[in-house]
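Chains as they are written, first to last, in the working numbering: chain A, 1 to 256; chain B, 257 to 512.
This report concerns only the one structure given below.
There are 2 protein chains.
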Amino acid sequence: MKTNRMSRNDWPVEIIDRDSYEPAYAQLANILRRQVANGVFRPGDQLPSEAKLCQSYQVSPMTVRRTINLLAEEGVVSTVKGRGTFVKALELGHAAFGLQELQNLFNDPAMAVRLLDVRIVSANERTARKLNLAVGQKTIYIRRLLTINDNPAFYHREYLIYDPTRPIVEAELEVTTLQGLFDGTGSAMLKRGKLKIEACLLNEEEVTLLQTTLPTAAFYLEHLFYDFNDCPVSWGWFICRSDYLHFATRVGINND
Amino acid sequence: MKTNRMSRNDWPVEIIDRDSYEPAYAQLANILRRQVANGVFRPGDQLPSEAKLCQSYQVSPMTVRRTINLLAEEGVVSTVKGRGTFVKALELGHAAFGLQELQNLFNDPAMAVRLLDVRIVSANERTARKLNLAVGQKTIYIRRLLTINDNPAFYHREYLIYDPTRPIVEAELEVTTLQGLFDGTGSAMLKRGKLKIEACLLNEEEVTLLQTTLPTAAFYLEHLFYDFNDCPVSWGWFICRSDYLHFATRVGINND
DNA sequence: TAGTGGTCTAGACCACTTA
DNA sequence: AAGTGGTCTAGACCACTAG
């Protein structure tokens with residue numbers, strides 16, 4: 001009789017150190033995560049029930065609950081009400097690529113922002129649609145070149161709504177540094193944004209500014225930000241040299 | 257005397273419906289999230305303390321705790337031990353692009369996988385390095401074309417370690433469908449993986465297979481999977497037509 | 001009916017910050 | 001010293017699943 005997919009009544013139980021700086025729920029999560037990684041529990045297996053874990057590790061139900069929630073968020077296990085907690089197989093769809101690295105670049109002193117152009121322009125059909133304006137209404141058009149150790153890395157273009165009754169818009173969006181956008185220090189007027197990434201070919205202007213050769217592929221990172229009235233206030237995009245922006249991530253159980 | 261950045265003693269308190277199917281912690285999270293979105297609490301403001309929230313909404317400390325943790329994970333607030341809970345400004349670095357859409361494509365019946373080529377090849381220097389083999393050791397080389405409604409969308413190439421003593425490797429990785437890799441149904445032997453995305457130019461072979469024109473930009477999605485012994489077993493990459501794979505996400509407070 | 005996870009209570013102690 | 005969030009207890013009731 002196979003018991004692989006049944007709840008286990010015995011498994012290696014490590015002791016939780018109550019004097020550790022590390023919280024009990026984190027210790028238990030590490031123990032179980034390591035046991036999954038080492039094959040003590042294999043994909044598809046059922047973990048011991050929460051009641052058994054409480055008893056074996058001498059912690060309260062809430063502590064076990066927190067551990068299980070943590071592992072479930074990580075994608076290590078999945079819970080099914082009324083049935084149990086099960087070890088998940090690797091799931092590629094769980095992977096995600098974050099913009100943390102891009103934010104780190106903005107905090108890097110080697111990064112500099114050069115303002116190429118700021119002027120008032122009338123919205124064309126596309127800009128008007130994005131910013132929810134009428135065609136011909138005035139917008140602020142900004143072009144920036146972002147360098148790392150004086151090497152061109154990103155080219156940014158942006159349209160801001162221009163509303164004389166709301167001068168705060170331009171004031172709050174730091175025209176030169178862009179940094180507030182990333183670390184949240186200067187964009188207290190923005191509520192939410194939509195982001196999109198595509199692969200693109202550089203045109204001649206972009207090739208010149210970014211000092212590459214034609215043809216070159218790059219990331220196109222578009223943003224559309226809304227204020228607290230849900231009005232779009234900023235539409236723009238970064239052209240990112242692929243060698244300065246790396247999207248990498250891990251999936252599954254990673255021993256850090 | 258301004259009290260904007262001080263703890264609030266009064267704010268609109270909505271009633272939590274204890275008979276709702278929606279858990280109390282989720283109701284409270286929705287209430288607070290909406291109040292942040294509506295400007296009742298603004299970026300930088302301190303939320304009422306957990307004790308006050310308990311009292312005002314008539315829930316236990318653990319319930320408030322769970323609510324605050326939820327909002328902190330979402331990036332809506334940040335907590336500082338000993339000081340309080342504060343509303344965060346929009347933070348671009350918090351954004352992440354997931355592969356969920358790609359996984360959905362694999363579950364789509366319109367998606368088909370055509371096996372172009374499967375053969376044993378000797379590892380070159382690069383492949384050997386990736387799979388931790390000696391140059392010249394045998395690998396399984398697989399080429400697949402993935403179509404959506406008969407339109408070529410992705411081109412996949414993959415090297416698998418070839419070990420006669422471990423035939424399970426090839427058996428478990430479903431050669432034809434690839435589906436198990438995404439939904440976790442068929443990859444119980446894989447423990448973890450590294451993923452990388454770059455922008456690339458298509459070469460002539462890729463242009464022909466994907467039926468586009470030269471020059472074309474596309475996503476290059478590389479994967480390297482490890483088994484439960486931490487040995488690399490699969491290295492490969494997808495060439496993704498940008499029009500079939502959209503990386504989009506939101507940041508900040510989004511009213512769904 | 002027995003076992004499971006999901007939620008919740010009403011406190012407690014601690015470490016930390018600020019005044 | 002007072003207030004804050006972080007952790008934890010030792011239970012409870014519920015909805016769901018399975019035999």
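Glycine residues also receive a C-beta, built at the ideal position from the N, C-alpha and C atoms.
This one's a predicted model, so the numbers in the text were calculated from it and none came from an experiment.
*Just tell me which of B:Gly340, B:Asn511, B:Gly492 has its CA closest to the CA of B:Lys383.*
Sequence index remark: in the second sequence, residue 383 of chain B carries index 127 (1-based). In the sequence under discussion, the amino acid at residue 383 of chain B is Thr, which differs from the Lys named in the question. With distances taken between Cα atoms, B:Thr383 lies closest to B:Gly492.
*Can you tell which of A:Pro61, A:Gly82, A:Lys81, A:Ala89 has the C-alpha that lies nearest to the C-alpha of A:Glu74?*
Numbered from 1 along the first sequence, position 74 holds the residue referred to as residue 74 of chain A. Closest by alpha carbon: A:Ala89.
*asked:* Starting from A:Pro232, trace the beta strand (DSSP E) in both directions and tell me its first and last residue.
replied: Here residue 232 of chain A refers to the residue found at position 232 when the first sequence is read from its first residue. Under the DSSP assignment, A:Pro232 falls in the beta strand (DSSP E) whose first and last residues are 232 to 241.
*State the start and end residues of the unbroken beta strand (DSSP E) segment that holds B:Leu401.*
By one-based count along the second sequence, residue 401 of chain B stands at place 145. Here the beta strand (DSSP E) through B:Leu401 covers 394 to 404.
_Residues near A:His246 by beta carbon distance below 7 Å, same chain, minus five either side_ = Here the question's residue 246 of chain A lines up with position 246 in the first sequence. Shown here for A:His246: same chain residues with a beta carbon closer than 7 Å to its own, the five before and five after excluded, namely Glu101 in chain order.
*Which same chain residues, not among the five before or five after B:Leu458, have their C-beta less than 6 Å away from its C-beta?*
For the purposes of this step, residue 458 of chain B is taken as the residue at position 202 of the second sequence. If we look at B:Leu458 and ignore the five residues flanking it on each side, its Cβ neighbours are Thr472, Ala474.
*Please classify A:Asp17: is it buried, with 16 or more other beta-carbons within 10 angstroms of its beta-carbon, or exposed?*
As a working note, residue 17 of chain A is residue 17 in the first sequence. Label assigned to A:Asp17: exposed.
*Under 8 Å Cβ-Cβ, which residues of chain A neighbour B:Met318?*
Taking the second sequence and counting its residues from 1, one reaches residue 318 of chain B at position 62. Result: Met62.
*Please decide whether B:Gln356 counts as near chain A, where near means a Cβ-Cβ distance under 8 Å.*
As a first step, residue 356 of chain B is located in the second sequence; it is residue number 100 there, counting from the start. Taking Cβ atoms only, chain A reaches closer than 8 Å to B:Gln356, which makes this a yes.
*Helix, strand or coil for A:Ala217 per DSSP?*
Numbered from 1 along the first sequence, position 217 holds the residue referred to as residue 217 of chain A. Strand at A:Ala217.
*Report all residues from its chain with a CB closer than 6 Å to the CB of B:Ala280; omit the five preceding and five following residues, and keep chain order.*
Position 24 of the second sequence, counted from the first residue, corresponds to residue 280 of chain B. Counting only Cβ-Cβ distances below 6 Å, and skipping sequence neighbours, we find Ile272, Val315, Thr319.
*Return the CA-CA distance between A:Phe225 and B:Asn363, expressed in angstroms with no decimal places.*
On the first sequence, position 225 is the one that residue 225 of chain A refers to. On the second sequence, position 107 is the one that residue 363 of chain B refers to. Answer to the nearest angstrom: the Cα atoms are 32 Å apart.
*What is the DSSP secondary structure of B:Phe297, reduced to helix, strand or coil?*
Position 41 of the second sequence, counted from the start, is the residue given in the question as residue 297 of chain B. Looking at B:Phe297 - three-state DSSP - the assignment turns out to be coil, as it is neither helix nor strand.
_C-alpha distance - A:Lys194 paired with A:Glu222, whole-angstrom precision_ = Here residue 194 of chain A is taken as the residue at index 194 of the first sequence, counted from 1. Here residue 222 of chain A is taken as the residue at index 222 of the first sequence, counted from 1. About 8 Å.
*asked:* Going by DSSP in three states, A:Pro152 sits in which element: helix, strand or coil?
replied: Your numbering for residue 152 of chain A matches position 152 in the first sequence. In the structure shown, A:Pro152 sits in a strand (DSSP, three-state: E or B).
*State whether the region 319 to 328 of chain B contacts the region 280 to 290 of chain B, with contact taken as three or more CB pairs (one from each stretch) at a distance under 8 Å.*
yes
*Any C-beta of chain B sitting closer than 8 Å to the C-beta of A:Lys81?*
For the purposes of this step, residue 81 of chain A is taken as the residue at position 81 of the first sequence. False, the Cβ-Cβ gap to chain B never drops below 8 Å.
*asked:* Spatial neighbours of A:Thr212 within its chain, please: C-beta separation below 7 Å, excluding the five flanking residues on both sides.
replied: For the purposes of this step, residue 212 of chain A is taken as residue 212 along the first sequence, with counting starting at 1. The residues are Leu202, Arg241.
*What do you reckon, are the CB atoms on A:Asp19 and A:Val87 nearer than 8 Å?*
Looking up residue 19 of chain A in the first sequence gives position 19. Looking up residue 87 of chain A in the first sequence gives position 87. No, Cβ-Cβ distance for A:Asp19 and A:Val87 is not below 8 Å.
*If we ignore side chains and look at the alpha-carbon of each, how far apart do B:Phe484 and B:Ala282 end up?*
Within the second sequence, numbered from 1, the residue matching residue 484 of chain B stands at position 228. Within the second sequence, numbered from 1, the residue matching residue 282 of chain B stands at position 26. Roughly 37 Å separates the two Cα atoms.
_Candidates B:Val269, B:Leu361, B:Glu278, B:Val292, of which the one nearest B:Ile509 by Cα_ = Residue 509 of chain B sits at position 253 when you count from the first residue of the second sequence. Looking at the Cα atoms, B:Val292 is the closest of the given residues.
*Where B:Ile324 sits in the DSSP three-state scheme*: Reading the second sequence from its first residue, position 68 is the one you call residue 324 of chain B. If DSSP states are grouped into helix, strand and coil, B:Ile324 belongs with the helices.
*Residues of chain A with CB under 9 Å from B:Cys456, in chain order?*
As a first step, residue 456 of chain B must be located in the second sequence, where it is residue number 200. Near B:Cys456 (Cβ distances below 9 Å), the residues of chain A are Ala199, Ala217, Ser242.
*Secondary structure at B:Arg274, three-state DSSP: helix, strand or coil?*
By one-based count along the second sequence, residue 274 of chain B stands at place 18. Looking at B:Arg274 - three-state DSSP - the assignment turns out to be coil, as it is neither helix nor strand.
*Assuming B:Val489 and B:Leu416 make a contact with CB atoms under 8 Å, what is their CB distance in whole Å?*
In the second sequence, counting from the first residue as 1, residue 489 of chain B sits at position 233. In the second sequence, counting from the first residue as 1, residue 416 of chain B sits at position 160. Contact flag correct, Cβ pair sits at about 6 Å.
*asked:* Let's see if you can read the secondary structure: which residues bound the beta strand (DSSP E) around A:Lys130?
replied: Here residue 130 of chain A refers to the residue found at position 130 when the first sequence is read from its first residue. Per DSSP, A:Lys130 belongs to no beta strand (DSSP E); it is in the alpha helix (DSSP H), 125 to 131.
*Can you have a look at A:Ile239 and say buried or exposed, based on whether 16 or more other CB atoms are within 10 angstroms of its CB?*
If you number the first sequence from 1, residue 239 of chain A lands on position 239. A:Ile239 should be labelled buried.
*Which whole-angstrom value is the C-beta distance of A:Val207 and A:His94, which I expect to be below 8 Å?*
The sequence position of residue 207 of chain A within the first sequence is 207, counting from 1. The sequence position of residue 94 of chain A within the first sequence is 94, counting from 1. At roughly 37 Å, the Cβ-Cβ gap does not stay under 8 Å, so A:Val207 and A:His94 are not in contact.
*When DSSP labels each residue in this structure, what does B:Thr341 get in the three-state scheme?*
Counting from 1 along the second sequence, the entry for residue 341 of chain B is found at position 85. It is a strand residue.
*DSSP beta-bridge partners for B:Ser545?*
The first residue shown for chain B is 257 and the last is 512, placing residue 545 of chain B beyond what the model contains.
*Compare the C-beta of A:Leu116 with all C-beta atoms of chain B and state if any pair is closer than 8 Å.*
Here the question's residue 116 of chain A lines up with position 116 in the first sequence. Not closer than 8 Å to any Cβ of chain B, the Cβ of A:Leu116 fails to qualify, so no.
*How close, in whole Å, do the beta carbons of A:Ala96 and B:Arg298 come, if the pair is a contact with beta carbons under 8 Å?*
Translated into the one-based positions of the first sequence, residue 96 of chain A becomes position 96. Translated into the one-based positions of the second sequence, residue 298 of chain B becomes position 42. 29 Å between Cβ atoms; not a contact.
_Tell me which residue opens and which closes the alpha helix (DSSP H) that B:Ser316 is part of._
The residue you call residue 316 of chain B lines up with position 60 of the second sequence. First-last for B:Ser316: undefined, no H or E at that position.
_Exposure of A:Glu125, with buried meaning 16 or more beta-carbon neighbours within 10 Å_ = Your numbering for residue 125 of chain A matches position 125 in the first sequence. With fewer than 16 other Cβ atoms within 10 Å, it is exposed.
_Which listed residue (B:Lys452, B:Leu466, B:Thr341) has its alpha carbon closest to that of B:Ala328_ = Translated into positions along the second sequence, residue 328 of chain B becomes position 72. Selected option, being the one with the closest Cα: B:Thr341.
*asked:* Assuming contact is defined by CB atoms lying nearer than 8 Å, are A:Ile140 and A:Asp117 in contact in what I supplied?
replied: In the first sequence, counting from the first residue as 1, residue 140 of chain A sits at position 140. In the first sequence, counting from the first residue as 1, residue 117 of chain A sits at position 117. For A:Ile140 and A:Asp117, no; Cβs fall outside 8 Å.
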